[in-house]
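Line by line, the protein sequences give chains S and A. Position 51 (the first sequence) corresponds to 44 in the working numbering; numbering is contiguous. Position 363 (the second sequence) corresponds to 1369 in the working numbering; numbering is contiguous. Ideal placement from N, C-alpha and C gives every residue a C-beta, glycine not left out. Every value quoted in this text rests on a predicted model; they were computed, and no experiment measured them. Only one structure is covered here, and it is reproduced in the block below.
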Amino acid sequence: MTKIEAVIQTSKLEAVKTALHEIGAEGMTVLEARGHGRQKGHTEFYRGREYTVDLIPKIKLEMVLADDMVERAVEAIVNAARTGQIGDGKIFLSKIDEAIRIRNQERGVSAL
Amino acid sequence: MFADTRGLKALLTWLFLWTAVYSAFSQTSSRLTPATVESQTERIARLEQAVTEAKSSADNSWMLVSSALVLLMTGPGLALFYGGLVRKKNVLATMMQSFALMAIVTILWALIGYSLSFGSGNSFIGAFDHIFLRGVGVQPDAAYSATIPQQTFMVYQLMFAIITPALITGAFAERMKFSAMVLFMIFWSIVVYDPMAHMVWGKEGLLNAALGGRFPTLDFAGGTVVHVTSGVSALVCALYLGKRVGYPREPMPPHSVVLSFIGACLLWVGWFGFNAGSALAASPLATSAFVATHFGAAAAALGWGSAEWIRNGKPSTLGTISGAVAGLVAITPAAGFVSPMSALAIGLIVGVVCYLMVAQVKSRFGYDDSLDAFGVHGVGGTIGAILTGVFASRAINPIFKDARGNAMGLGILDGNAGQLLNQFVGVVIGWILAAVGTLIILKVVDLAIGLRVTEGHEIQGLDLSQHGEEGYNFEVSA
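Take a look at the structure:
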């Protein structure tokens, strides 16, 4: 099992959700996040005072998939979330030891 | 056929009515005896009475509406305007300050404030003749307005006494103890507001232009009484209390320009009661003040917004609404004395100057006037009072008359250069009274109970530390 953590533009969430749905990757957790990588923030002016906003609103999407699904899911996310500009986000993959369904304590891939 | 029947019916009805009216008249006249015949004098007296009552009703209805409009400026207008500008941990505390003043000043006004402001007294302050509102009934006080009940006048003026201290709260937002705020404002109303209101508008007041004061200052709706006093006091508060923890290192952007936006719009609407109501009658003068108010606000919104556009590349919403408020402040003393075109000029000037004041000058001096109460009300009020001495015109309001009753010039452009001196006297007295009074009160309250919240409480936010609640409980589970 692999965990996919994808940080994407807030405006791309719908497209990414649809793309994942189409390849049959189901179940995800979405968090509203703030952060920045190489993309610098923007400046705001309030009554002549300048404020630099360097933590930009982002969407962090988490899902755990069976290993054979992972590459297709990554491809789907990249294709849906890409604009080619700085700030498109990143995808992180990591191994997951165990998954447990709370309802019936199923374990492993069948719990996903 | 059907139509014909209807026509016939209508004709018959008319005939019947006319006959009835005619017979009623002839019966009345035939039954009159000489004793009940109304003499011409009596009739005229009765009609004069009816005319007076009609005028009084008209004026009174407008003044009651105006009173409500001015209250609307404080809550929700100013409360929203200021509430949106603070960080979200202080939104309730900021709104609460305005609301608490609606209650506190009202009670003070009934007990003593109205008497000190509008009772007869000396040049500086009213006497105790109206203490506990004694003698303030439905009879008009002709010195102020012959057509509205004195109670209407009293409650209208009360609304001004409420918003003036509420304006100051913008300067010490996010760091003053609620208890200290309450104590400070009680003293401030009595020591600063009441004497200033008496000097400018009260009987025998030193600066009263309508009732023959020594230095007749033209202040139609409170440029000196409301905005100079509150703005200057705000500056003194900001300097005395010091900066907020983390200012200016930490960013403290407004938590909701949306709230401020709604507040500013309500202020604009309420201001019609403030300025046009200051005619104290539903008169053409009220119309003139209404129009000047609106034009001043519009021009200043454009002035501030454009200045920002030129300097920052973008016209901000907050800047444009702040400009409108600055314009409303500046037109306050002038409304009722100036033409619509002069109002545009005043608005444009004050919009640009207040922007420069808030965006450039404040950061140079480094004082923390959190919500720019001084930059908008102190500066805007001062400019407005001075410009009133430039643009005021007898064609709008012939308030100065010579011995033969002919209207004399008002402002510089109306051929009365000397008026500028009177305007300066009014402004300087406002500045001194506000600065000295505020400093003394701050010192007293500071010694008595302390002014600022603890640093821990300030970081936690005033909503929790002063009131035990939060403005936004979005994350409580359902």
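The Cβ of S:G41 sits closer than 8 Å to at least one Cβ of chain A. Listed in chain order, the non-local C-beta contacts of A:G1386 below 6 Å within the same chain comprise A1332, V1335, A1336, V1356, C1360, local neighbours out to five positions each way being set aside. Residues A1270, W1274, A1303, A1306, A1307 of the same chain have their beta carbon placed closer than 7 Å to that of A:A1330, with the five preceding and five following residues left out of the count. Around S:E37, the beta-carbon contacts reaching into chain A at under 7 Å are P1259.
With a cut-off of 8 Å on Cβ pairs, the segment 1339 to 1349 of chain A is in contact with the segment 1287 to 1300 of chain A, counting three or more such pairs. In this structure, A:S1063 sits away from A:A1287, with a CB-CB distance that is not shorter than 8 Å. At least one CB atom of chain S sits nearer than 8 Å to the CB of A:V1364. Pairwise C-beta distances place the segment 1118 to 1136 of chain A out of contact with the segment 1412 to 1420 of chain A, as fewer than three of them are shorter than 8 Å. As summarised for the segment 1212 to 1299 of chain A, the continuous alpha helix (DSSP H) elements at least 4 residues long and confined to that stretch are 1235 to 1247, 1263 to 1282, given in chain order. Rounded to the nearest whole angstrom, the CA to CA distance from A:D1375 to S:E37 is 20 Å. For the options A:G1462, A:L1468, A:Q1429, A:D1065, the alpha carbon positioned closest to that of A:G1219 is the one of A:Q1429. By a beta-carbon distance limit of 8 Å, A:S1236 contacts A:P1171. Their separation comes to about 7 Å. The beta-carbon distance between S:V9 and S:I49, rounded to whole angstroms, is 17 Å. This is too long to meet the 8 Å contact definition. Interface residue (Cβ-Cβ distance to chain S less than 8 Å): A:D1378 is classified as such. For A:G1325, the nearest beta carbon of chain S is closer than 8 Å to its own beta carbon. Less than 8 Å divides the Cβ of A:V1459 from the Cβ of A:K1183.
Distances from the alpha-carbon of A:F1301 to those of A:M1191, A:Q1156, A:A1282, A:A1313 put A:A1282 closest. Here A:F1166 is near A:V1076, since their CB atoms are less than 8 Å apart.
S:G82 sits in a strand when the DSSP states are folded into three classes. Annotated three-state conformation of A:L1393 is helix, per DSSP. Excluding the 5 residues flanking it on each side, S:L105 has same chain C-beta neighbours closer than 8 Å at M(-6), G20, V57, L58, A59, A92, in chain order. Residues are counted here when their Cβ sits less than 8 Å from a Cβ of chain S; for the segment 1088 to 1112 of chain A the count is zero. Looking at the DSSP output, A:M1182 shares a beta bridge with A:R1458. Counting only the Cα atoms, A:G1325 lies some 7 Å from A:E1314. The C-alpha of A:A1085 is placed about 29 Å away from the C-alpha of A:L1453. Your pair A:V1242 and A:T1444 checks out as a contact, with CB atoms roughly 4 Å apart and the cut at 8 Å.
When DSSP reads this structure, S:Y44 sits in a beta bridge with S:E37. Among the residues of the segment 1115 to 1148 of chain A, none has a Cβ less than 8 Å away from any Cβ of chain S. Residue range 1097 to 1114 is occupied by the alpha helix (DSSP H) that includes A:A1099.
Using a Cβ-Cβ cut-off of 7 Å, A:N1318 is close to F38 of chain S, given in chain order.
The CB of A:S1322 comes closer than 7 Å to the CB of F38 in chain S, given here in chain order. Along the segment 1250 to 1276 of chain A, the positions whose C-beta sits under 7 Å from a C-beta of chain S are P1257, P1259, P1260, read in chain order. Your pair A:Y1088 and A:T1175 checks out as a contact, with CB atoms roughly 7 Å apart and the cut at 8 Å. A:R1317 is not bridged by DSSP to any residue. Taking 8 Å as the threshold, the shortest C-beta distance from A:S1328 to chain S falls below it. Taking the CA atoms as reference points, A:E1054 sits about 30 Å from A:W1024.
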